[in-house]
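S.K.: Please read through the structure below; I'll follow up with questions.
Numbering (UniProt numbering), first residue to last: 1 to 134.
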């Protein structure tokens, strides 16, 4: 079985593409791989600075990697004065907020003047939020 991180490397990455194109390709591959529908509410039409785009993509890959027992995922990614990424699922939730930290996502967001949050409780799904000033 292909790991989500392998899907990110194989099917899409931010380098050489817009963030919108990268997210569209990755989400389509992930949805096909997992058979979990993903409703995409918004994607940025404008260019996003490379550092912010790379972090947003990393957070998206991380969030989808942690989806368990979900039947539905929704996401929105907007870019105005602030880049905002929200990924929600209706899965089993996370027993620990630290499950998704994988080292430095929160620190990377803080370095860019933003924030990275996880809202989850067992049985109620998970919501991941990234906000970065642009």
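The beta carbon of each residue, even a glycine, is placed where N, CA and C say it ideally should be.
Could you have a look at residue 74 and say whether DSSP puts it in helix, strand or coil?
M.R.: Counting from 1 along the chain shown, the entry for residue 74 is found at position 74. Here residue 74 sits in strand by DSSP.
S.K.: Quick one: Cα of residue 32 to Cα of residue 75, how far?
M.R.: Position 32 of the chain shown, counted from the first residue, corresponds to residue 32. Position 75 of the chain shown, counted from the first residue, corresponds to residue 75. Rounded to whole angstroms, residue 32 to residue 75 spans 16 Å at the Cα level.
S.K.: Could you name the residues of the same chain whose beta carbon sits closer than 6 Å to that of residue 63, not counting the 5 residues immediately before and after it, in chain order?
M.R.: Walking along the chain shown from the start, residue 63 turns up at place 63. So the qualifying residues of the chain are 87, 128.
S.K.: Quick one: residues in its chain with C-beta nearer than 6 Å to the C-beta of residue 125, no 5 flanking neighbours on either side, listed in chain order?
M.R.: Taking the chain shown and counting its residues from 1, one reaches residue 125 at position 125. So the list reads 89, 90, 91, 93, once near-sequence residues are dropped.
S.K.: Tell me the residue span of the alpha helix (DSSP H) that contains residue 62.
M.R.: Position 62 of the chain shown holds residue 62. Its alpha helix (DSSP H) spans residues 50-65.
S.K.: Looking only at DSSP bridge pairs, what is residue 86 linked to?
M.R.: Within the chain shown, numbered from 1, the residue matching residue 86 stands at position 86. DSSP lists 76, 129 as partners of residue 86.
S.K.: Only counting the same chain, and skipping five residues up and downstream in sequence, which positions put a Cβ closer than 6 Å to that of residue 80?
M.R.: Sequence index remark: in the chain shown, residue 80 carries index 80 (1-based). Excluding sequence neighbours, residue 80 sits near nothing in its chain.
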